[in-house]
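Report on one structure; see the data block that follows.
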Amino acid sequence: MSSPALQPRTRVTRIAQEAVDKARLSVVPRVRTRAPRVPFVTLVSLVLVGGIVGLLLFNTSMQQASFAASSLESEANTLAAREQTLRMELDQLRDPQRVAEAAQQMGMVIPPAPVFLDLETGRTSGVRTPATRENAIRLQGPDPVKPKILQPDPTVVVVPPTTDTTTDATTDTTTDQSATAGAGTGKQKNTDRPGRKNRNR
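Note that UniProt numbering gives residue 40 to position 40 of the sequence shown, counting from 1, and the numbers run on in steps of one.
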C-alpha cells in the first residue's frame, strides 16, 4: 500500500507533466493571404493622374508666367524708349539757344551792355544802353554765301521750228480732191440747165 503522503506528490507531478505537455509549442505553417489588387491599382492610378494633372497645371502656370514676363519686358522697353525721347525733348527745351530764340520771337531783346547791381550798396555799375532791335546781339550768324561757281548762268537753247512735209503733202492732196469734186459738180449743173430749157420749149 502507498502511504497517504505520496499521493499528493504524484498528483502534482501529473498536473505539472500535463501542463508541460500543453505548454509545448509547435511550428504551424504560415497561412499566406493575398492582398486585394483593386485598392492598390486604384491608388497607383490616382497618384499617376494627380501627377499628370499637377504637371499640366505647373506647365500652364509657367507658360503664363513666361507670357507675362515677355509682356512686361516689352512694356519696359517701350517705357524706356519713351523716357529717352522725353529726356531728349527736355534737353532741347532747356537749350539756352532755343530759350533765347523763343524770347526774341516774343519781342525781347538782349542788351548789348549789361548793367550790374550791387546788393550791398544799391549802386549800379556799367553804362546803361537801351536795347533795340538795331543793336541787338544776333543769336545766329549770317547765312553762308553761295559761291558763284555753284551759281552758273542759265543756258538757253533755241530750237528752230520744224515743218512736217508729210502733213503738208496730205493737206495739198485733200485740197486738190476738193477742187476736183467742185469742178465736177459745176459741170453737172451746167448740163442740166439746157435740158430744162428744152423741156420748157
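Note that the Cβ used here is the ideal one computed from N, Cα and C, for glycine as well.
Asked	Found
Assigned secondary structure, L117 (DSSP; H/G/I helix, E/B strand, else coil)	strand
Under the three-state DSSP convention, the category T85 falls into	helix
Three CB pairs or more closer than 8 Å across the segment 146-153 and the segment 118-134	no
With 16 other Cβ atoms within 10 Å as the buried cut-off, status of R201	Interpretation of R201 is limited by its pLDDT of 41, a score under 50 that renders its predicted location unreliable; no figure is taken from the coordinates.
Sequence-distant residues of its chain with Cβ nearer than 7 Å to L139 (five each side left out)	Q97, A100, E101 and Q104
Cβ separation of F116 and G126, assumed to be a contact under 8 Å, to the nearest whole Å	6 Å
Completely contained beta strand (DSSP E) runs for the segment 11-80, where each covers 3 or more residues	none
Contacting residues, own chain, Cβ-Cβ under 7 Å from P111 (five flanking each side not counted)	T129 and A131
Residues near A113 by beta carbon distance below 7 Å, same chain, minus five either side	G126, V127 and T129
Limits of the alpha helix (DSSP H) - the one that Q97 falls within	P96 to Q105
Between the CA atoms of G122 and K147 - distance to the nearest angstrom	It should be noted that the sequence gives Pro, not Lys, for residue 147. Between P147 and G122, the C-alpha separation is close to 54 Å.
C-alpha gap between D95 and T85, whole angstroms	15 Å
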